[in-house]
Each structure stands twice: as C-alpha cells, then as structure tokens.
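Worksheet for the structure shown next.
Protein chains: 2
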Amino acid sequence: MSDIDLLEIDFEPIGKRVKIKSSQSILAAAQAAGIQIAALCGGYGTCGACKVRVMSGSVSELTSVETLRLNPVEIEAGMRFACQTFPRTDVKINIPPESLSTFQRLQLEGTEEVFDTSESVIKATPLHMPPPTIDDLRSDSLRIRDELKRNGIQISKINFHYFSSMSDWLRTHEWEFKAITRGDELISVIPLSASPLGIAVDIGSTKVAAYLIDLETNKTLAKKGIMNPQISYGEDVVSRIAYANENPDGRNELQGKLIESLNQLISDLCEETGQGAYQIVEIVVVCNTAIHHFFLNFPVRQLGIYPFIPVIDEAISLPAISLGLNVSRGAYVFVPNNIAGYVGADHVSMLIASKINLKEKTVLALDIGTNTEISLSHQGKIYSCSCASGPAFEGAHIKFGMRAADGAIERAQFIDGHLKYQTINNKKPVGICGSGILDLIGTLRDAGIINERGNFNRDCPNVRPATRNYEYVVVPEKDSGIKEAITLTRVDINEIILAKSAIRTGIDVLLIEANIKAEDIEEFIVAGAFGTYLSLENAIRIGMFPDIPLDRFQQVGNAAGIGAKNLLLSQKLRTECDFLCDKTRYVELTSHPDFKNILVQNMSL
Amino acid sequence: MSDIDLLEIDFEPIGKRVKIKSSQSILAAAQAAGIQIAALCGGYGTCGACKVRVMSGSVSELTSVETLRLNPVEIEAGMRFACQTFPRTDVKINIPPESLSTFQRLQLEGTEEVFDTSESVIKATPLHMPPPTIDDLRSDSLRIRDELKRNGIQISKINFHYFSSMSDWLRTHEWEFKAITRGDELISVIPLSASPLGIAVDIGSTKVAAYLIDLETNKTLAKKGIMNPQISYGEDVVSRIAYANENPDGRNELQGKLIESLNQLISDLCEETGQGAYQIVEIVVVCNTAIHHFFLNFPVRQLGIYPFIPVIDEAISLPAISLGLNVSRGAYVFVPNNIAGYVGADHVSMLIASKINLKEKTVLALDIGTNTEISLSHQGKIYSCSCASGPAFEGAHIKFGMRAADGAIERAQFIDGHLKYQTINNKKPVGICGSGILDLIGTLRDAGIINERGNFNRDCPNVRPATRNYEYVVVPEKDSGIKEAITLTRVDINEIILAKSAIRTGIDVLLIEANIKAEDIEEFIVAGAFGTYLSLENAIRIGMFPDIPLDRFQQVGNAAGIGAKNLLLSQKLRTECDFLCDKTRYVELTSHPDFKNILVQNMSL
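Those protein sequences? They're chains Z and R, same order as listed. For the first sequence, the working numbering gives the first residue as 196, with consecutive numbering after it. For the second sequence, the working numbering gives the first residue as 196, with consecutive numbering after it.
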C-alpha cells in the first residue's frame with residue numbers, strides 16, 4: 196500500500212499530523228502520532244473519555260454506543276468517540292483538553308493572541324546616528340532623545356541604571372543600534388541584529404513556569420518550568436509566612452531563593468535559544484498575593500493574620516536590577532494588581548486571559564488550588580472570593596494521593612461493573628492524583644458504593660475495614676506499583692468533601708452577592724492544571740460545581756501564564772487590569788452571614 | 196565703669212554683638228568679638244583693607260585718610276575704615292566679605308532664601324488613620340492613598356523601596372504618622388514628632404560640603420565639610436578619569452569612595468543634631484561634570500577625550516538606595532543639569548543662586564577654580580564656557596603656594612614703600628595662598644617691580660637671582676615660619692599670567708559671542724572661596740577682570756552650595772534650571788576662531 200492511499204489526520208490544537216489507513220480509528224491515529232488520548236475502556240466506546248470533534252473531512256457514521264452516550268448538542272457540534280470513528284477522507288480533528296492526558300494537556304498553551312504594535316509595552320527603533328563632533332557637542336542622552344524625536348518617538352528620560360554602560364557601548368557599536376523604549380523612557384540599546392526579549396513568569400506555590408518571548412515578533416521562543424525553591428520553607432504559603440515572621444532574615448532568604456531560581460531559569464532559557472540575557476528588557480510576574488509579597492520582599496506579617504491585609508493592591512513596575520535579576524540593567528518588572536490577601540495577581544492575570552471583563556455574559560471563573568480563587572462577573576460588576584479548598588486535589592492529605600506524575604491514577608470509571616483506571620504515561624499505578632480522586636469519588640457515589648455522606652456501603656466488593664473506618668481497594672496489591680494495595684479511605688473522602696464544599700460555597704456566596712442563580716451563569720471557566728484535567732461530569736456529580744449544561748464550561752489550562760504572556764505584550768491589557776480591579780468587589784467568605792449554613796449544606800455528595 | 200556706659204556694636208551679616216567703650220575703634224570691637232577683619236597696616240588707615248559700612252547709629256567723623264582713600268560713592272553708602280571709626284551710640288555695622296579673613300568668609304552662607312510651601316519638593320502631611328478591619332480590607336497602600344486624597348493630596352504611587360518596611364512600621368505606630376510625599380509619590384512615613392530632612396551637597400574636586408536641612412522649616416540644622424576622598428586618585432579630575440579608564444574596577448572604586456564619604460557626612464550630621472538618617476528623604480548633589488559622572492558611576496572615557504561629551508545634560512532624580520546612600524529607603528537624589536563636559540551642575544546651581552536667569556540686566560557670573568566656568572547673560576540668552584585656568588590660584592604650581600590655611604599670606608600691599616602682608620589666623624607665614632599671590636603680583640606690578648610681561652626690575656630691593664630667572668623675597672628667612680625665605684618667582688608669575696589670561700580670554704570670547712563690550716556688563720558675579728576673597732582691584736589691575744566700576748561686582752561666596760540648598764527646597768527652582776539650560780549656549784573656547792589671538796593679547800600684566 197503506497198503513501199497515496201493513506202489518509203491524513205490533522206490534530207488540533209496540538210498541531211500534529213499523521214497518515215493512517217481508513218481501517219484505523221482516530222484513536223489509533225492519535226496513538227500513532229504520540230498523542231495521549233484518554234481511553235479507559237480500551238476502545239469499546241463504553242468509557243466516553245476519548246471525545247473529539249471532527250472539524251473537517253468525512254468520517255464513518257455514528258455507532259450505537261455513541262448515539263447512546265453523546266447528547267444531541269454534542270452530536271450537533273460534531274463530537275465523536277475517537278475509538279468509534281474511522282476516517283473516509285483527510286480529516287481535521289480537534290481534541291478538547293479533557294480528552295488529553297495530563298502531561299499533554301499541560302503543554303497546551305492556548306492560542307497566542309495577536310496584539311497590535313500600538314499596544315506594545317516595549318518598542319524597538321533602529322537608529323543610525325552621527326557621532327559627536329566639535330560642532331555637535333550634545334550629550335549622549337540628548338543626542339539619542341533628539342534622534343528618537345526625529346523618528347516620531349518622544350521620550351522624557353533615559354533609564355538611570357542603563358547609563359552606566361551606554362556611552363562606551365554606543366561608541367563600540369559606532370552609533371548604530373536599536374533603541375528600546377518603554378513608554379516615555381529609553382531603557383536599553385541593543386545591536387541592530389538582536390531582538391528585545393521579555394520573560395513572563397507564573398510563580399505558583401509549587402511550580403514556577405517561565406516563557407521567553409521575542410517582543411518584536413511576539414513569538415514564544417522557549418518555556419521552562421521548575422519547582423518553587425521556597426517549597427523547602429513549607430508546602431503552603433502560610434508556613435512560609437510563619438518562617439518569614441520567625442526568622443530575622445527570613446524574608447530576605449525567601450526572596451533570595453526565588454530570585455536565584457528565576458536567574459537560573461533566565462540563564463537556561465537564553466542558553467537554549469542562543470539569546471543574551473542583556474536582551475531581556477521586560478518581565479511580567481504573576482503569582483498569588485503571598486508569593487507576590489515574598490518576591491518583592493514586602494512585609495508579610497499582616498498578610499498572615501486576620502484580616503489578611505496586603506501591602507498593595509495596585510500594579511507595580513520596578514527596575515529588575517533592584518530585585519537582583521540578571522537581565523538588562525534597564526529592564527522593568529511588571530506585577531499586576533492584587534484583589535485581596537488571598538486573591539492575587541495570578542487570578543487577575545487569569546481573568547484577563549479569559550477576557551472576563553470584556554464579556555457581557557454572566558461568567559464565573561475559578562482557579563482551583565490550595566486556595567481556590569473564584570470571580571463572578573455579572574452586569575458590569577465582578578465579585579471575587581478565595582476559598583480554603585486545601586491541598587487534597589494536589590494529592591496531599593490523601594492516603595495514596597500524589598501529584599500528577601508517572602503512575603498516578605488520573606482517570607477512573609466503572610465499566611461493565613469493573614473499575615477501570617488510567618495512569619499517567621500508562622505506568623504501573625503508584626498513587627492517585629487530583630483528577631483520579633475526583634473520578635473515584637464520583638464513580639463510587641454513582642455506583643452506590645458510598646452514600647451522600649461519604650460513608651461506604653460495607654457490603655460492596657472491594658470495601659474493607661481500615662485503620663480508621665473503611666476503605667475502597669482501587670488497585671489490589673498484585674497490580675500495584677508500590678507493593679501494597681492502593682485504596683481510597685473514608686478519611687480521604689472527607690478531605691474531598693471539605694475541599695469541594697469549600698469551592699461550592701464560594702460559588703454559592705458569590706451568586707448570592709450578585710443576586711442570581713447558578714443557571715444564570717452563561718460561561719463557567721475552569722483554569723489551572725487540575726481544573727483543566729478534572730472530569731466536569733464528576734465535579735458536578737459530587738456537587739463541587741453547580742449542575743449547569745456542560746457546554747457552558749471551558750477548561751482553559753494555565754490561563755494565569757497565558758495572561759502573563761499577554762501582559763508582557765500589551766499595554767492596553769495592563770490598563771484593563773486596573774479597570775477590572777476597579778469594578779471588582781472582594782467578598783470575605785468567612786464573615787459572610789450565609790457562609791456557615793451554605794458550607795454545611797454543601798457537605799453532602 | 197558699668198555695663199551701662201558701654202556701647203553695643205552689632206556686626207552683620209555674622210550676627211555677633213559686642214559691648215565696647217566709645218574710645219575703642221570698630222576694628223577693636225570686631226577683634227574683641229573674635230571677628231577677623233583684614234588689617235594689613237595695623238590700624239593706621241593706610242591699607243584700606245578694613246572697610247565696613249555703618250548701617251545705623253552714630254559714629255565719629257570721617258578722618259583725613261578715609262576722605263583720601265574712599266571714593267564718593269563709598270562715602271555716600273556709609274563706608275568707613277573700621278580702624279578709623281569710633282562709635283558714639285550703639286551701632287550696627289555691616290562687614291562686606293572682602294574685609295573678612297578667609298575662614299570667616301567661608302562661614303558666610305549668604306542669606307537663606309524663603310520659599311513658599313507651594314514650591315516645596317517634599318510635603319509632610321500628618322495623618323491619623325483607622326486600622327484595617329474585616330469591614331475595611333483595603334491594602335495598606337490604598338488606605339494611605341485614600342487618606343491622603345481626603346487631605347487634598349493626590350498620589351499615583353508609593354515608592355517601591357519604601358514598602359519593605361512600611362506595613363510593620365504603620366502597625367507599630369498605630370497608624371499615626373507624617374506621610375512624606377514628593378510630587379505624586381509617597382516616599383516615606385515618619386513619626387509625627389519627626390521632621391523630614393534634606394541634605395544639600397556640593398562636591399568639589401577637593402572638598403565636599405554638606406548641609407542638613409529641616410524640610411518643614413527650611414532651616415539649616417548643621418553643615419560639615421570634608422576632603423573629597425578621590426584626592427588620592429589624583430588632584431584633578433583628568434587624572435581621576437585616567438584612573439577610571441585604566442583600572443577595570445576604577446569607576447566603581449571612585450564612586451565607592453565618594454558614597455562612603457557622603458555616608459560618613461550624613462551620619463556625622465545626624466549625630467550632631469540628634470536626628471535620624473531615616474528622616475532624610477531628599478538629597479541634592481551639585482558638582483562639576485566629571486565628579487557628577489563619578490558620583491553616578493557613569494562612563495567617563497568619552498568625557499576625558501576631545502570633544503569631551505557628557506553622558507547626560509538633563510537633571511536627574513534617582514533613588515538614593517540605588518547609590519548605596521544610608522538614608523530613608525524612599526529618598527531621592529536630585530542632580531541638576533549639566534551644560535557641557537566642563538560646565539557642570541555646580542555652575543548651574545551657582546547661576547540659579549545668583550538668579551542670573553531672572554535678571555534683565557547683562558550679568559556675567561564666574562566660579563574660579565582649576566577650571567573656571569563663566570556665564571554671560573544678555574538679552575535672554577546665556578553664553579557659557581570653561582577655561583583651563585589651572586590650579587595656581589589654589590596654590591599649586593607656585594613655589595611657595597599653599598591652600599588657604601593657617602600661616603598662608605592672604606593679603607599683601609605696599610604701604611609707605613614697605614610690603615605688608617597678613618596671614619591666615621595671624622600665624623607666622625608659611626606660604627602664599629591664591630588671594631595673596633594675586634595681591635603680590637598686583638602690588639609688585641603697581642610698584643613697577645615687575646613689568647607688563649612679568650619680568651622683574653632687577654634693581655629693586657628684595658629682587659634676587661633664583662634657580663631659574665629671578666624672584667622677589669616676600670618674607671625674609673628670619674620672619675618666615677618655614678626656615679627659609681618665602682619668595683615669588685618669575686615662574687610663579689608666569690603661572691598666574693597663564694591663569695588670569697585664560698579667565699580673561701573666556702570673558703572676552705563670551706563678550707564677542709554676545710556682541711557686547713565689557714562696559715556693557717551691568718553686574719559681575721564672582722563665586723567660590725578664592726573668588727570671594729580675592730581683591731577685585733588687583734584682579735582688575737593684572738587684567739584678570741575687565742576694568743569696570745567696582746560697584747558692579749558682587750563676591751557671593753559658595754553660591755553653588757547655596758544653590759544646592761535652594762534646589763532642595765524649591766520645585767520651581769528645579770524647573771528654572773531647565774529653563775536656564777535651555778537658553779544657554781555652550782561656547783567651546785579652544786575651537787573659537789578668536790581664541791588664540793585674544794589669549795596672547797591677555798598675556799600681559
């Protein structure tokens with residue numbers, strides 16, 4: 196069979212193509228292309244995990260399992276099960292994030308937005324200038340300002356830190372260079388052959404992700420993630436705040452570790468792409484309010500105690516050199532606005548990436564983590580809150596919980612009465628990550644193995660007594676990668692009940708504040724790694740999310756990171772941050788009169 | 196004799212009072228008050244050095260020597276010789292600076308100007324604020340901004356460097372404090388009981404003078420001078436530039452020494468006045484362009500080579516913390532505009548203190564030093580130049596030359612055919628300082644002992660052969676404090692001829708550029724220590740200054756320092772600096788077509 200008889204399958208948004216025979220399913224094509232689509236049932240159409248959308252081309256008819264399990268809206272939209280669908284022609288397939296395995300999903304960065312150059316934060320202007328002579332004794336500064344003016348760029352000052360090397364550099368480069376301006380300030384000069392670069396950084400409590408961007412083409416040149424080195428001072432920000440308070444040099448230490456890591460990231464990204472760190476002239480950092488304060492070496496004492504007051508809420512631009520970042524001496528760091536002590540710049544960045552402020556619809560957006568930040572946009576106002584959802588979805592406080600890593604159970608479902616699960620990278624199971632835990636509880640509840648209070652039906656198979664109460668055996672010892680059975684305990688279930696009820700209570704209180712009902716939410720945006728990979732059906736089933744039509748949900752990946760990239764490029768978006776925060780009202784949940792009642796109501800599964 | 200019979204003599208501008216008998220002269224009264232009035236002739240009215248002005252009260256009639264030596268304008272103005280005048284009632288006496296000894300003159304700071312608070316660079320607003328509560332979760336930053344707005348002060352940001360300690364501080368001080376604002380920025384918060392302070396610094400190549408100012412009362416609390424520590428890298432800026440160019444870390448070293456000294460000055464001034472360095476929120480630094488570049492760690496290579504291009508000419512405000520100054524973390528350093536590579540911010544500061552830009556008259560202002568900066572203001576334009584006048588007037592390159600210190604001959608004059616001299620603090624003569632050298636040459640020329648070329652009349656007494664050419668014995672060995680005769684050599688005279696002709700050529704070229712004649716100069720301002728103490732008659736006699744009426748001259752002391760103090764207090768004056776520099780044209784003498792001719796013409800005495 197020649198190449199000519201093969202059909203081309205184009206997978207979006209991953210951008211991979213593969214040629215297959217018409218007797219091969221789309222699932223097989225994806226596997227051949229190295230794309231990890233979730234497929235718990237082994238391709239029988241019974242798990243429904245491998246949903247894809249046919250964007251163009253012709254494929255085989257709907258099978259009976261698909262007709263049964265896909266709803267009319269999905270069918271109308273071209274949704275299919277990849278395992279049940281065979282190509283008839285070349286086809287273009289869209290894989291929604293929920294059908295991808297964790298790792299591949301984490302690599303999805305969303306579409307890069309295009310910004311008009313008039314919005315640019317940083318401008319590069321190539322200049323070819325005459326050197327000073329006895330008849331033209333203008334200072335270097337005035338000489339450049341005059342030349343920029345001739346090029347239509349009016350500056351009012353030159354960055355002080357940059358002067359220390361500028362004059363020698365200009366003469367070595369014979370007055371030919373790109374002038375890098377930021378608003379009305381000249382911040383750097385670079386060779387004509389170089390591009391000005393930017394770094395967008397999303398500092399999470401656990402992980403730090405950085406993107407290196409060409410500020411002339413707006414292209415992402417490279418990205419890199421590392422662990423947040425502050426982990427060694429405490430897993431959560433509360434213990435890090437305690438460390439800062441209890442140790443005289445604690446704050447400096449915590450900041451120092453972070454700066455050191457960022458410098459390593461910057462150096463790695465430059466090495467990987469063959470760029471110079473001197474080219475980096477703008478940095479955007481998004482993070483939660485505590486990390487924000489650590490990064491800027493702001494006092495955290497008042498942030499750690501009731502009523503959790505941040506030092507600032509406004510956006511801030513400051514010289515990168517004053518933080519000790521090894522980039523251009525004239526570079527600035529921009530950190531967006533905070534909303535409150537526990538609703539930080541990373542949430543603002545996520546809201547900006549989700550364009551929540553530009554939509555006339557009623558939109559709810561949340562980012563699930565140890566603290567879950569939720570914002571509800573309704574009729575020109577935004578209501579925001581933070582819920583102490585705890586680290587259960589990150590695998591902490593769960594007996595066999597783990598982060599999303601090789602061998603973590605990431606999907607689980609009863610198929611024909613048997614519990615089927617999928618592990619990350621198909622390794623032997625070693626634990627359960629957030630999405631797996633959510634699936635397990637959803638599917639066990641559905642099967643009646645646990646009741647609405649989270650108690651086990653002790654008569655069910657695989658339910659057995661445990662040290663405290665009972666537990667469900669997810670993986671028997673013989674199949675386990677850790678030489679013991681992997682179980683879900685009654686205590687684990689309680690942790691999840693606490694987490695999900697915290698999140699749901701946050702949603703409910705915001706709905707009360709906006710005086711609307713859950714069904715009024717027209718768009719429900721779920722951001723973050725776990726949020727993007729969780730099963731919406733199970734999240735609704737256990738009551739974490741309200742029961743609204745699935746097509747109103749969007750799982751948008753690392754929206755905070757995307758927001759940071761966009762904020763690196765667009766001055767207009769920075770202004771949007773101010774507008775957004777101006778119309779945002781922070782709702783302190785714990786002091787809300789309905790909080791306790793709602794929380795108790797939400798405790799059932 | 197009871198106190199009641201004594202008359203009170205009030206000396207201005209020194210502000211000292213003394214009671215004397217009516218049989219004592221004003222000179223004796225001054226000496227009793229510890230005021231060193233120049234008196235070469237020992238009180239016989241023959242030297243004319245002890246001129247004072249009677250401002251109020253009644254005194255003895257004019258004596259015959261006074262009638263002979265004072266001109267009608269002086270007599271009209273109430274001028275008298277202190278040694279010839281006896282009080283009849285309590286009197287108030289003004290001592291013009293030229294009649295004071297060097298040291299006392301250096302202590303004259305000129306009248307402190309009064310500025311309207313609307314001009315203030317720094318504002319202090321007392322605030323008593325409610326602390327955050329669960330019903331008022333505003334960030335610290337917003338809380339202060341809102342409160343300032345209620346007090347009519349709109350700020351757009353809070354100084355980044357200040358945040359690192361602000362929140363803890365506010366809570367310790369229970370939200371009662373003075374908010375220190377600079378334009379639209381909050382830069383510090385201080386206790387209600389404290390005042391915001393400023394430091395004005397005049398960094399000369401040789402000396403550094405600093406003034407500690409209360410920015411609420413505008414009063415000078417203390418002043419202190421030290422040697423410029425860069426002296427050890429070369430007496431003049433040219434050798435320091437060479438050091439910076441030749442040593443990899445040279446610039447950092449030169450800057451470091453300066454910052455270290457300023458920190459010492461700041462700490463001394465605070466200790467002396469019982470103030471805290473944290474109260475210092477604004478610093479003004481004036482200096483020549485090379486020192487300016489060293490202070491800011493700017494490149495100096497291009498400043499040291501033809502055509503001597505400065506990095507910047509505009510004024511600059513920068514965080515004091517970025518220079519390593521131990522003051523408030525939010526403090527700024529303001530450095531005024533430069534005019535050119537050899538006409539610096541200190542000259543601009545002097546011009547501002549002299550209000551040259553506000554006068555409609557034709558004014559010439561100069562500051563004599565190793566480089567003498569001259570500006571001529573005429574019909575709305577200012578012409579500025581710098582002359583390489585050399586260090587002769589500072590005592591360098593002169594056989595027995597010395598700086599103005601104990602035992603330096605500071606005044607000399609032929610009285611009744613005998614050379615009379617006066618030394619600083621009446622110590623045994625050990626050398627000759629600038630004003631003494633000028634007096635000697637003027638008086639020797641007047642007496643025909645040297646001719647217009649500077650050659651000695653070998654027949655005159657005290658002229659004797661020297662190693663090279665001839666020399667004049669000023670102090671015979673027996674009267675000398677250094678165990679050898681103190682002489683003025685032919686070589687010394689040449690040095691002075693070079694210096695004075697450089698200065699006069701600068702004046703002449705500016706007059707040509709403005710297309711006016713010397714007699715058109717309506718006001719002639721001489722600034723600086725030497726400039727203030729020199730004898731105007733002798734400066735005119737040797738051709739250093741043009742021969743215009745003496746009453747057009749003003750000797751204004753350390754006008755650069757006064758300008759720095761004023762710039763610390765008035766935003767309006769900072770704006771004036773820009774206006775002044777905008778209408779100033781720098782004239783490069785060495786490339787002026789008439790330069791060489793005029794220089795040669797000015798070589799005669």
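Even glycine gets a Cβ: it sits at the ideal position worked out from N, Cα and C. All values reported here derive from a predicted model rather than from experimental measurement.
**Asked** Are there 16 or more other CB atoms within 10 angstroms of the CB of Thr484(R), so buried, or fewer, so exposed?
**Response** buried
Between which two residues does the beta strand (DSSP E) holding Tyr728(R) run?
Note, Tyr728(R): premise wrong, no beta strand (DSSP E); alpha helix (DSSP H) at 724-728.
In three-state terms, what does DSSP make of Met196(Z)?
For Met196(Z), the predicted model reports a pLDDT of 45, less than 50, meaning its position is unreliable; a value from the coordinates is still stated below. Residue state, collapsed to three classes: coil.
*Is Gly575(R) buried or exposed, if buried means 16 or more other CB atoms sit within 10 Å of its CB?*
exposed
- Give me the Cα-Cα distance between Gln749(Z) and Phe206(Z), rounded to the nearest whole angstrom. 19 Å
- Query: What residue does the beta strand (DSSP E) around His613(Z) start on, and which one ends it?
  - Reply: 613-618
ask   = Using a C-beta to C-beta distance shorter than 7 Å, which residues of chain R count as neighbours of Ala535(Z)?
value = Leu332
Q: Give me the Cβ distance between Pro208(R) and Val254(R), rounded to the nearest whole Å; I'm assuming they're in contact under 8 Å.
A: Going by Cβ atoms, the distance from Pro208(R) to Val254(R) rounds to 19 Å, so no, they are not a contact pair.
What residues of chain B sit near Val506(R), judged by a beta carbon separation below 8 Å? Among the chains of the structure shown, chain B does not appear; the protein chains present are Z and R.
Review point. Looking at Ser388(Z) and Leu410(Z), is the spacing between their C-beta atoms short of 9 Å?
Key: no
Cβ closer than 8 Å: which chain Z residues qualify as neighbours of Phe493(R)?
Phe358, Ser359, Ser362
Checklist entry - Are the beta-carbon atoms belonging to Ile461(R) and Asn423(R) less than 9 Å from one another? => result no
Val543(Z) versus Lys678(Z) - alpha carbon distance: 44 Å
Checklist entry - Would you say Ile577(R) and Leu546(R) are within 9 Å of each other, going by their C-beta atoms? => result yes
Can the beta-carbon of Leu265(Z) be found closer than 9 Å to that of Lys246(Z)? yes
Practice prompt. For Gln349(R), count neighbouring C-beta atoms within 10 Å of its own C-beta (all shown protein chains included) and say buried if the count is 16 or more, exposed if not.
Written response: exposed
- Query: Beta carbon of Thr682(Z), beta carbon of Arg659(Z): below 9 Å?
  - Reply: yes
- Item | Selection of the stretch 772-798 of chain R by Cβ proximity to chain Z, strictly under 9 Å | Tyr781, Glu783, Thr785, Ser786
- Query: What's the C-alpha gap between Leu513(Z) and Glu466(Z)?
  - Reply: 25 Å
Q. To the nearest angstrom, how far is it from the Cα of Gly519(R) to the Cα of Ile454(R)?
A. 7 Å
Got a sec, what are the start and stop residues for the beta strand (DSSP E) Ser630(R) sits in? Per DSSP, Ser630(R) belongs to no beta strand (DSSP E); it is in the alpha helix (DSSP H), 629-641.
Task: Heavy atom of the ligand SAH within 8 Å of Ile702(R) beta-carbon - done: The model on display carries no ligand, and the ligand SAH is accordingly not part of it.
Check: With a cut-off of 9 Å, does the C-beta of Leu633(R) fall near any C-beta of chain Z?
Finding: no
Whole angstroms is fine: what's the gap from Pro656(R)'s alpha carbon to Ile232(R)'s?
30 Å
Excluding five sequence neighbours on each side, which residues of the same chain lie with their C-beta closer than 8 Å to the C-beta of Ala234(Z)?
-> Leu222, Cys242, Ala244, Cys245, Ala277, Cys278, Gln617
Do the CB positions of His487(Z) and Gly539(Z) come within less than 9 Å of each other? yes
* Asked: Hey, how far is the Cα of Ile632(R) from the Cα of Phe595(R)?
  -> 10 Å
Requested in this report: On a CA-only basis, which of Ala661(Z), Ser434(Z), Thr700(Z), Asn620(Z) is nearest Met226(Z)? Give me that one, please.
Outcome: The amino acid occupying residue 226(Z) in the given sequence is Gln; Met does not appear at that position. Nearest of Ala661(Z), Ser434(Z), Thr700(Z), Asn620(Z) to Gln226(Z), Cα basis: Asn620(Z).
Please classify Met196(R): is it buried, with 16 or more other beta-carbons within 10 angstroms of its beta-carbon, or exposed? Confidence at Met196(R) is low in this model, with a pLDDT of 45, below 50, so the placement of that residue should be treated as unreliable; the coordinate-derived value is given next. Under this definition Met196(R) is an exposed residue.
If Arg769(R) and Phe490(R) are in contact, beta carbons under 8 Å, what's the gap, nearest whole angstrom?
Their Cβ separation, rounded to whole angstroms, is 18 Å, which puts Arg769(R) and Phe490(R) out of contact at 8 Å.
Problem set entry | Separation of Lys318(Z) from Ala724(R), as counted between CA atoms | 49 Å
When the Cβ atoms of the stretch 350-363 of chain Z are set against those of the stretch 494-502 of chain R, are three or more pairs found closer than 8 Å?
yes
Check: Ends of the beta strand (DSSP E) at Gln497(R)?
Finding: Not the beta strand (DSSP E): Gln497(R) falls in the alpha helix (DSSP H), residues 496-499.
### Query
Within the chosen definition, does the stretch 600-609 of chain Z reach the stretch 695-710 of chain Z through at least 3 CB pairs nearer than 8 Å?
no
- Should Gln425(R) be flagged as near chain Z, meaning a C-beta pair shorter than 9 Å? no
- Query: Is it right to say Val384(Z) is buried, meaning 16 or more other beta carbons lie within 10 angstroms of its own, or is it exposed?
  - Reply: buried
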